[in-house]
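A.B. asks: Shown below is the structure under consideration.
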Amino acid sequence: MTLSASTSYRLTSNLSFNSVLGQPSMSAFISIEADHVQLDLNGFSILCSNVLTGQPCTGSPTGTDGIYVTGGQARIRNGSFRGIPRTAISRGFPGGAHGTHVEDVRMSNIGFRGVEVGHRAHIRSSTISVCGDTGITAGEESVVVGNRVRECGNSGFFIGRRSRVQDNVSAFNGGQGFTVFDDSLVQGNVASTNGLAGFQLTVTNIGVVPGGLARENVATGNASFGLSIIGDWVFSDNVIQLNNSGGSQTSGGVQGTGNVCGTTPGCP
221 MTLSASTSYR
231 LTSNLSFNSV
241 LGQPSMSAFI
251 SIEADHVQLD
261 LNGFSILCSN
271 VLTGQPCTGS
281 PTGTDGIYVT
291 GGQARIRNGS
301 FRGIPRTAIS
311 RGFPGGAHGT
321 HVEDVRMSNI
331 GFRGVEVGHR
341 AHIRSSTISV
351 CGDTGITAGE
361 ESVVVGNRVR
371 ECGNSGFFIG
381 RRSRVQDNVS
391 AFNGGQGFTV
401 FDDSLVQGNV
411 ASTNGLAGFQ
421 LTVTNIGVVP
431 GGLARENVAT
441 GNASFGLSII
451 GDWVFSDNVI
461 QLNNSGGSQT
471 SGGVQGTGNV
481 CGTTPGCP
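Note that the sequence shown covers residues 221 to 488 in this note's numbering.
Here it is in structure tokens:
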């Protein structure tokens, strides 16, 4: 299905595709080609089922996307994605569509990435459970608020510079809980039981060394540092406990006030 007019669309039923051995022939269930498209999923699902097993498709990263976006300023809301072989909501390449808004969507059993969008994206109030790679990927100057990602194979969140990352939860992912680039605000998030650091706060250009601000976050039970920082990020008022097998809880950065590491005020 191709959306090639700049208008509003609304699903009236589930979109389902049955595949043999998880290898659908189409590239996406829905392609958004026009700018300023608004797509209301209306509580319905985009899903893929394997006709031989009745289970969700599991295709390869070169398989089918749920929604493939090449138009700018697309808005996608209010529905779910299940068993998508590749990425549930994907930007077009090269360059990718910018200004994509995603709100109130639920995703489960995704073969590759949950949401992968370009610069100036808005991603709110969405849930991703079980994906093969990164849960939410967004470019520079994005707003990522109130989302939950768990059990993805790589990072829960991978967010470009000059962004706001607030009130999200990232748990039981194979990589970092959050990877966020410089000049960003990272506030009120929870990273728990991830396979690498809870928060990897880094910079776009190692030769320039800017930073950002991380405050009022919780990092607990992650396999590496609670906060792992490259550049002059300032961190304050964070709770960082039981990470890194009981070793050092933080690495790098500029410590502000109010941090608690373990049961000790301040993070050595």
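The C-beta atom is built at its ideal place from N, Cα and C for all residues, glycine as well. The structure displayed is predicted, hence computed values, not measured ones.
Taking 8 Å as the cut-off, decide whether the C-beta atoms of G291 and I252 are in contact.
C.D. replies: Yes; because the gap between Cβ atoms is below 8 Å, this pair is in contact.
A.B. asks: Just to confirm my understanding: we take D457, look at its own chain, exclude 5 residues before and 5 after, and list those with CB closer than 8 Å. What are they?
C.D. replies: Closer than 8 Å at the Cβ level, and outside the excluded window around D457, lie R435, E436, G476, T477, G478 and N479.
A.B. asks: Pick out the complete beta strand (DSSP E) segments inside the region 330-407, 3 residues or longer, and give them in chain order.
C.D. replies: Counting only runs of 3 or more, we get 342-344, 347-351, 356-358, 363-365, 368-372, 377-379, 384-386, 389-391, 398-400 and 405-407.
A.B. asks: To the nearest angstrom, report how far apart C487 and S448 are at their CA atoms.
C.D. replies: Each residue's Cα considered, the two are about 12 Å apart.
A.B. asks: Contact defined as beta carbons within less than 8 Å: I believe I348 pairs with V364. What is the distance between those atoms, to the nearest angstrom?
C.D. replies: No, I348 and V364 are not in contact; Cβ-Cβ is about 12 Å, not under 8 Å.
A.B. asks: Would you call N425 buried or exposed, if buried means 16 or more other Cβ atoms sit within 10 Å of its Cβ?
C.D. replies: Label assigned to N425: exposed.
A.B. asks: Would you give the residue range spanned by the beta strand (DSSP E) that F249 belongs to?
C.D. replies: A248 to I252 is the span of the beta strand (DSSP E), which, as asked, contains F249.
A.B. asks: Express the C-alpha separation of A358 and V474 in angstroms, rounding to a whole number.
C.D. replies: Near 25 Å, if we compare the C-alpha coordinates of A358 and V474.
A.B. asks: For G492, is the classification buried or exposed, using 16 other Cβ atoms within 10 angstroms of its Cβ as the cut-off for buried?
C.D. replies: What is shown of the chain runs 221 to 488, which leaves residue 492 out entirely.
A.B. asks: Measure the beta-carbon distance from I296 to L259 and round it to whole angstroms, keeping in mind my assumption that it falls under 8 Å.
C.D. replies: Right, the Cβ-Cβ distance comes to about 5 Å (below 8 Å), so this counts as a contact.
A.B. asks: Would you list the residues sitting across from L421 in a DSSP beta bridge?
C.D. replies: Note: L421 sits in a beta bridge opposite V400 and I449.
A.B. asks: Mind checking who R295 pairs with in its DSSP beta bridge?
C.D. replies: DSSP, once it has assigned bridges, lists Q258 and H321 as partnering R295.
A.B. asks: Is S444 helix, strand or coil by DSSP?
C.D. replies: If DSSP states are grouped into helix, strand and coil, S444 belongs with coil.
A.B. asks: If you drop the 5 nearest sequence neighbours on each side, which residues of the same chain put their C-beta closer than 8 Å to that of S233?
C.D. replies: Contacts found: F264.
A.B. asks: Given this structure, state the Cα-to-Cα distance separating Y288 from S228, to the nearest angstrom.
C.D. replies: The straight-line gap from Cα to Cα measures roughly 16 Å.
A.B. asks: Once the 5 residues before and after D387 are set aside, which same chain residues still bring their CB inside 6 Å of it?
C.D. replies: Result list for D387: V365, G366 and G408, in chain order.
A.B. asks: Sorted by chain position, which residues of the same chain lie with C-beta nearer than 8 Å to T413's C-beta, five sequence neighbours on each side aside?
C.D. replies: A391, F392, T440, G441 and N442.
A.B. asks: Looking at the unbroken beta strand (DSSP E) that takes in Q461, where does it start and where does it end?
C.D. replies: Residues V459 to Q461.
A.B. asks: Ordered along the chain, which non-local residues of its own chain (more than five positions away) have a Cβ less than 6 Å from that of N307?
C.D. replies: The amino acid occupying residue 307 in the given sequence is Thr; Asn does not appear at that position. Here the set comprises D285, F332, R333 and E336.
A.B. asks: Assuming F455 is part of the beta strand (DSSP E), what are its boundary residues?
C.D. replies: F455 -> beta strand (DSSP E) spans V454 to S456.
A.B. asks: DSSP three-state call for S412: helix, strand or coil?
C.D. replies: DSSP places S412 in strand when its eight states are reduced to three.
A.B. asks: Would you kindly report the start and end of the unbroken beta strand (DSSP E) that includes S228?
C.D. replies: Taken as a continuous stretch (DSSP letters only), the beta strand (DSSP E) holding S228 covers S228 to R230.
A.B. asks: Should P485 go down as buried or exposed, given a rule of 16 or more other Cβ atoms within 10 Å for buried?
C.D. replies: So P485 counts as exposed.
A.B. asks: Where does S310 sit, in a helix, a strand or coil, going by DSSP?
C.D. replies: If DSSP states are grouped into helix, strand and coil, S310 belongs with the strands.
A.B. asks: Within this structure, are the beta carbons of G373 and G394 separated by less than 8 Å?
C.D. replies: Yes, they are a contact pair.
A.B. asks: My output table needs one value for G473: the three-state DSSP class, helix, strand or coil.
C.D. replies: Residue state, collapsed to three classes: coil.
A.B. asks: Using only alpha-carbon positions, find the residue among V322, S226 and G303 that is nearest to R311.
C.D. replies: Answer by Cα proximity: V322.
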